Structures are given as structure tokens and as C-alpha cells.
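Presented below is the structure to which this report refers.
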Amino acid sequence: MALRVLWRRMTNAMDRFHQMAFSPKYLLFTNIGISVGLSMVGDTMEQSYERLIGELPDWNRTRTIRMGISGLTVGLVCHYWYQHLDYLFPKRTYKVVVVKILLDQFICSPFYIAVFFLTMAILEDNTWEELEQEIREKALVLYAAEWTVWPLAQFINFLLIKPQYRVFYDNTISLGYDIYTSQVKYRKKPEPKDNS
Numbered sequence: 107m108a109l110r111v112l113w114r115r116m117t118n119a120m121d122r123f124h125q126m127a128f129s130p131k132y133l134l135f136t137n138i139g140i141s142v143g144l145s146m147v148g149d150t151m152e153q154s155y156e157r158l159i160g161e162l163p164d165w166n167r168t169r170t171i172r173m174g175i176s177g178l179t180v181g182l183v184c185h186y187w188y189q190h191l192d193y194l195f196p197k198r199t200y201k202v203v204v205v206k207i208l209l210d211q212f213i214c215s216p217f218y219i220a221v222f223f224l225t226m227a228i229l230e231d232n233t234w235e236e237l238e239q240e241i242r243e244k245a246l247v248l249y250a251a252e253w254t255v256w257p258l259a260q261f262i263n264f265l266l267i268k269p270q271y272r273v274f275y276d277n278t279i280s281l282g283y284d285i286y287t288s289q290v291k292y293r294k295k296p297e298p299k300d301n302s
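Under our numbering, think of the first position of the sequence shown as 107, with each following residue one higher.
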């Protein structure tokens, strides 16, 4: 009996938290929190892999914090982007979903990637030239990867997911992409082979 009462209280508390977190009043903070948290988890997982294969001697906390801060900036982009798309195209017809996917891929994805690299350049105190070089070397790789994941994921998002859960869904799918983003951002260029 006591266990049932405890369970009911716990589920009621979780329901109240859920209602509050995904309410219009707190949705921005929820979306940013989710983006920050999962960006840090993605980087931590990537660093764990790099340590496992011997590419990284120790966990780099600064790198994970920077990835979390980038989650804040791109979380803001996602939050307002989805609100804007849903305002412009409130219906859930197949035609509207395709339009949203195309706008997302051709407008938001490049902007999202640019915001990510700009955020990281600021945090790493890089010059404008270093930022341009990194975008030239890595942005297209990330953008190509976006085309393999996001059209189908966004089809589900725009057709089936309620608007207040879009960023949550996006970030859940994005965890694997965050691992890849961290890998692309921090991978070292292979050193040229000495043929002497």
C-alpha cells in the first residue's frame, strides 16, 4: 500500500514537472537545457571512444563545456526556428511537411552549422581566418551528414510530433549527430607520410 502511494506521488510530481517544463512559459529554458545537456553527453561519449582507441589521453572538460555552450546557442536557433516554421506553416499536410523539410535543410541547417562553428571559434579565441578555414574544411562534411539523417527525422517531427516537443525530439535524434559533430570538430588531420 505504501509503495503504491509513493508511486502515485512520484508520477504526479513527474507529471507536474512535465506540464511546467513544456509549457509556453518555460519551453525556451527546457529546450536550451535539453540542447546543452545532450551536446555535452554527445561530446563525452565521443571523448570516451577517442580515449578507448588511444587518440585522447584524458577527458577534456573544457572541450565538453564548450560543446555544451554550443548547445545553448544552437538550442536557441532550434527553438525559435521551429516556432517560426509552425507559425508560417501550421498545418500537418504532406505538402506542408515537405516544404518545412526543404526550408529546414536549405536554410536552418547551414545557419545552424555556421552558428556552431562561430560559437566554438569565439570560445576557442580563434581568429576570423581560422574560423573561415575550419568552416571550409568541416562544414560541408557536417552538412552532407545532415542530409542522411534529418529529412526522414524531420518528416516524423513535422508530421507527428506536437510543436512543444519538436526540440526535444530533435535533440534525442541529434545525440548520435552530436557525437559525429564532436568527432568532425576535433578530429586531427592525418600527418603526411614520410616516403624517404
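C-beta atoms are modelled at their ideal positions from N, C-alpha and C, and glycine is treated no differently. For clarity, every value in this text was computed on a predicted model and none was experimentally measured.
- Taking C-beta separations shorter than 6 Å and ignoring five residues to either side along the sequence, the partners of residue 137 in its chain run 181, 185 and 273, following chain order.
- A direct Cα-to-Cα measurement between residue 276 and residue 263 gives close to 8 Å.
- Taking a contact as a CB-CB distance under 8 Å, the pair residue 207 and residue 261 counts as one, their CB atoms being some 6 Å apart.
- In the three-state DSSP reduction, residue 132 falls in the coil class, being neither helix nor strand.
- For residue 216, the enclosing alpha helix (DSSP H) starts and ends at 215 to 229.
- Looking at the backbone, the Cα of residue 153 and that of residue 168 are separated by about 12 Å.
- Between residue 269 and residue 188 a beta carbon distance of about 7 Å is seen, short of the 8 Å cut, so the two are scored as contacting.
- Between the segment 157 to 172 and the segment 109 to 129 there are fewer than three C-beta pairs closer than 8 Å, too few to call the two in contact.
- Bounds of any alpha helix (DSSP H) do not take in residue 211, whose DSSP letter is neither H nor E.
- The beta carbons of residue 211 and residue 252 sit about 7 Å from each other, so the pair counts as a contact at 8 Å.
- The Cβ atoms of residue 284 and residue 145 lie closer than 7 Å to each other.
- DSSP places residue 279 inside the alpha helix (DSSP H), whose first and last residues are 272 to 292.
- The continuous alpha helix (DSSP H) containing residue 182 extends over residues 167 to 194.
- In the three-state reduction of the DSSP assignment, residue 156 falls in the helix class, which pools H, G and I.
- For residue 162, there is no enclosing alpha helix (DSSP H), as DSSP gives it neither H nor E.
- In this structure residue 279 touches residue 259 by the C-beta definition: roughly 5 Å separates them, less than 8 Å.
- Each residue's CA atom was taken as its position, placing residue 287 and residue 220 some 13 Å apart.
- Residue 143 has its alpha-carbon roughly 24 Å from the corresponding atom of residue 266.
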